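Okay, structure first, notes after.
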Amino acid sequence: MNMSNINSTRKSSYSHLSATERGEIAAYLKMGKKPAEIARLLGRHRSTICREIKRGSVEQVKDKNGKQTFFNAYFADSGQRVYETNRQKSSYLKLNDCSARFIEQLESALTANIRLHSVDSFVRLTK
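Counting from 1, one number per residue, gives the positions in the sequence shown under the UniProt record's numbering.
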């Protein structure tokens with residue numbers, strides 16, 4: 001039996017969690033459901049839910065009889081904000097977004113009479 005055909009009847013589609021799904025996660029957590037249960041209800045993998053809970057958890061302070069206790073609570077809007085920030089930071093840095101000074105220095109280093117650097121060595125040197 002070919003190993004690649006095992007469990008191939010289930011279509012796997014990977015997509016980012018929506019803000020609505022994050023709200024559902026928050027509601028299910030308030031009801032006391034565990035991440036595995038939430039994953040089954042949303043049709044997602046348990047790891048996805050666990051990572052989202054970790055991403056959207058914020059440390060809270062509870063003051064009881066003058067004594068402060070710290071606990072983590074999941075907030076859907078916090079998870080969405082962290083997701084959007086990470087998504088913006090993950091964009092590819094295009095060459096024209098680099099500093100003009102670096103490109104000028106690279107050009108002069110590569111066109112010099114006595115060439116001391118390759119492109120790779122120049123980039124390593126200027127990091």
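Even glycine gets a Cβ: it sits at the ideal position worked out from N, Cα and C.
Predicted model only: the values in this text are computed from it and were never measured.
Here's the rule: buried if 16 or more other CB atoms are within 10 angstroms of the residue's CB, otherwise exposed. What is residue 168?
Residue numbering for the chain in the displayed model covers 1 to 127; residue 168 lies beyond these limits and cannot be assessed.
Quick check: the Cα distance between Asn5 and Gln68, rounded to an integer number of angstroms?
Mapped onto the sequence shown, residue 5 falls at position 5. Mapped onto the sequence shown, residue 68 falls at position 68. Residue confidence is low: Asn5 scores 47 on pLDDT, short of 50, so the model does not pin down where it sits. No coordinate-derived value is stated.
Suppose you measure from the CA of Lys89 to the CA of Asn65; what does that come to, to the nearest Å?
As a first step, residue 89 is located in the sequence shown; it is residue number 89 there, counting from the start. As a first step, residue 65 is located in the sequence shown; it is residue number 65 there, counting from the start. When rounded, the distance between both Cα atoms is 43 Å.
Looking at Thr48: is its Cβ nearer than 9 Å to the Cβ of Leu29?
Here residue 48 corresponds to residue number 48 of the sequence shown, with the count starting at 1. Here residue 29 corresponds to residue number 29 of the sequence shown, with the count starting at 1. No, these two residues do not count as a Cβ contact at 9 Å.
Using 8 Å as the Cβ pair cut-off and three pairs as the minimum, do the region 73-81 and the region 52-59 touch?
yes
Same chain, Cβ closer than 8 Å to Ala76, five either side skipped, listed in chain order
Here the question's residue 76 lines up with position 76 in the sequence shown. Excluding positions up to five away in sequence, the list reads Ala19, Arg22, Gly23, Ile25, Ala26 and Gly56.
Between the alpha carbons of Lys62 and Tyr74, how many angstroms are there, rounded?
Within the sequence shown, the letter at position 62 stands for residue 62. Within the sequence shown, the letter at position 74 stands for residue 74. So the two alpha carbons sit approximately 15 Å from each other.
Reduced DSSP category for Phe71 - H, G, I as helix; E, B as strand; rest coil
Taking the first residue of the sequence shown as 1, we reach residue 71 at position 71. Three-state result, Phe71: strand.
Please name the residue, chosen from Pro35, Leu125 and Gly43, that lies closest to Phe102 on a Cα-to-Cα basis.
On the sequence shown, residue 102 is found 102 positions in, with the first residue counted as 1. Here the closest residue by C-alpha is Leu125.
Around the Cβ of Glu52, are there at least 16 other Cβ atoms within 10 angstroms (buried) or fewer (exposed)?
Counting from 1 along the sequence shown, the entry for residue 52 is found at position 52. That one is buried.
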